[in-house]
């Protein structure tokens with residue numbers, strides 16, 4: 001990224017430089033004003049210091065005279081104590097004046113005052129000592145000379161004050177003139193700083209916000225679906241430039257993506273229309289197949305059963321014959337009236353019990369039938385005439401040649417999201433090849449010997465169609481060994497309504 005005219009890049013650096021310039025400019029202006037004000041104060045202070053110093057010195061000399069006179073007239077101990085206090089003070093001041101190395105006219109006059117103060121102190125001290133020694137003529141003479149020296153000191157102080165006053169007047173006039181110039185200069189600096197700050201604020205604000213405003217206008221157009229915008233050209237060499245380039249690329253990408261989506265939507269629309277037609281066709285075929293499979297009924301068992309009923313009616317009383325015939329009627333009524341409907345697991349189990357009653361009546365103790373059902377799953381819905389053909393298949397292919405001791409056990413239980421229906425027999429069993437053949441989707445073996453004419457493949461296909469699954473293992477499992485029997489497990493998925501009932 002090339003450097004711009006200011007020699008820096010990035011919004012953060014620009015803002016830092018802007019605030020630094022303003023801060024430095026305000027600092028220089030404030031420091032200059034403070035320096036001028038401090039200088040004026042120091043010059044005025046020097047004038048007043050001299051006035052105060054000379055006035056205090058004159059006051060101390062007058063007080064010294066007063067205390068000396070008071071002591072000489074009254075010999076007051078308080079006056080003597082005050083005298084020595086003033087004596088020590090004036091002695092220190094005189095010593096300080098004489099030690100100064102100032103040899104101008106005012107300095108020489110001040111040194112004369114220092115010498116006279118020392119002479120004054122000597123005379124007053126001599127007068128005090130003479131008074132204490134009761135030498136009247138001496139203390140009067142010393143006191144008289146001290147008064148004359150005091151008058152000279154006052155005279156010199158007044159002259160020095162007048163000189164300082166003239167000098168102070170000149171200084172004050174110079175200070176006043178300088179203050180006027182400084183005031184104008186400060187006003188100029190303040191106004192200049194304000195104008196320069198306004199210029200910097202406008203300049204930096206414009207440089208930062210102008211590209212953002214242009215970018216926001218384009219963003220509004222794009223948000224309304226107008227992608228026919230010219231690429232935004234920003235040459236600020238900062239983050240806004242990067243943002244503008246990214247925005248331009250984004251607009252191009254979105255435009256291309258929308259074109260691809262439109263093309264893809266057209267293709268998908270055609271595919272969906274074709275898929276809907278295929279789906280309708282498959283549904284029609286499945287419905288026809290389901291009804292065709294459910295309508296396969298073999299009347300062979302009907303005649304055998306009716307013959308048995310006739311023989312039984314001849315041999316026994318009418319009650320048992322009536323019960324037998326009633327169960328036969330229930331079995332055929334179930335198979336004929338409910339083939340094209342959905343039934344509950346309770347209906348299927350009742351149908352199996354009816355069928356087993358008929359078997360028990362026909363074959364006596366050759367086969368025993370047991371039922372173990374989880375009462376909580378009896379309301380589960382499933383296709384009709386599913387379990388009875390499996391039980392019938394277990395009897396025909398597993399136990400028909402068994403003279404006695406055969407049993408078929410029906411177990412129904414819940415397993416997570418499925419209901420497992422197990423039909424177990426202790427018949428002759430099957431080989432693995434036979435099991436694979438039964439489970440093969442291409443193999444058709446509709447037994448003509450079944451009551452309904454429905455074989456295992458019919459059951460498998462109906463379950464797959466009903467639950468819309470292509471995997472055979474999702475609806476059935478067969479475990480069998482030759483000589484040990486067979487276990488057929490049907491897997492009935494719990495429907496949404498079944499889960500809510502649970």
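Residue numbers (full-length UniProt numbering): 1 to 502. Where is the CB? At the ideal position from N, CA and C, for every residue including glycine. The model shown is predicted, which means the values in this text are computed figures rather than measured ones.
Using the beta-carbon count (16 or more within 10 Å), is residue i buried or exposed?
i	result
residue 393	buried
residue 131	buried
residue 217	exposed
residue 168	buried
residue 104	exposed
residue 146	buried
residue 356	buried
residue 398	buried
residue 220	exposed
residue 180	exposed
residue 388	buried
residue 276	exposed
residue 371	exposed
residue 201	exposed
residue 347	buried
residue 58	buried
residue 231	exposed
residue 16	exposed
residue 246	exposed
residue 261	exposed
residue 196	exposed
residue 244	buried
residue 49	exposed
residue 354	buried
Taking only three categories from DSSP, how would you classify residue i?
i	result
residue 281	Because residue 281 sits at a pLDDT of 46, beneath the cut-off of 50, its placement in the model cannot be relied upon, and the point is left open.
residue 378	coil
residue 272	helix
residue 213	helix
residue 341	coil
residue 235	coil
residue 252	helix
residue 112	helix
residue 27	helix
residue 454	coil
residue 192	helix
residue 406	strand
residue 75	coil
residue 224	coil
residue 121	helix
residue 288	Residue placement at residue 288 is poorly supported in this model, since its pLDDT is 41, which falls under 50; the coordinates still yield a value, given next. Reduced to three states, the DSSP call for residue 288 is helix.
Kindly indicate the opening and closing residues of the beta strand (DSSP E) around residue i.
i	result
residue 477	476-481
residue 486	485-493
residue 422	418-425
residue 385	No beta strand (DSSP E) contains residue 385, which DSSP labels as neither H nor E.
For the alpha helix (DSSP H) that residue i lies in, which residues bound it at each end?
i	result
residue 399	No alpha helix (DSSP H) contains residue 399, which DSSP labels as neither H nor E.
residue 104	Unbroken run through residue 104: none, as it is neither H nor E.
residue 510	What the structure shows of the chain is the stretch from 1 to 502, and residue 510 is not part of that stretch, so it cannot be assessed.
residue 229	No alpha helix (DSSP H) contains residue 229, which DSSP labels as neither H nor E.
residue 469	No alpha helix (DSSP H) contains residue 469, which DSSP labels as neither H nor E.
residue 436	432-439
What is the C-beta distance between residue i and residue j, in whole angstroms, given that I count them as a contact (C-beta under 8 Å)?
i	j	result
residue 68	residue 155	The pair is not a contact, with the Cβ atoms about 19 Å apart (cut-off 8 Å).
residue 476	residue 492	With a Cβ gap of about 10 Å, residue 476 and residue 492 do not count as contacting.
residue 464	residue 470	7 Å
residue 150	residue 120	6 Å
residue 189	residue 124	Rounded, the Cβ-Cβ distance is 59 Å, inconsistent with contact.
residue 490	residue 421	4 Å
residue 342	residue 381	5 Å
residue 365	residue 414	Contact flag wrong, Cβ pair sits at about 33 Å.
Ordered along the chain, which non-local residues of its own chain (more than five positions away) have a Cβ less than 7 Å from that of residue i?
i	result
residue 252	none
residue 235	241
residue 229	218, 221, 222 and 251
residue 7	Summary for residue 7: the model assigns pLDDT 46, below 50, so the residue's position carries little reliability; its value from the coordinates is reported in the next sentence. Excluding sequence neighbours, residue 7 sits near nothing in its chain.
Excluding the 5 residues preceding and the 5 following residue i in the sequence, name in chain order all residues of the same chain whose CB lies nearer than 6 Å to its CB.
i	result
residue 485	425, 426, 427 and 429
residue 126	142
residue 417	494
residue 439	472
residue 116	149, 152 and 153
Quick check: is any heavy atom of the ligand GTP less than 6 Å from the C-beta of residue i?
i	result
residue 211	In the structure on display, the ligand GTP does not appear, and there are no ligands present to speak of.
For residue i, which residues in the same chain have their Cβ closer than 8 Å to its Cβ, ignoring the five residues on either side in sequence?
i	result
residue 333	none
residue 20	none
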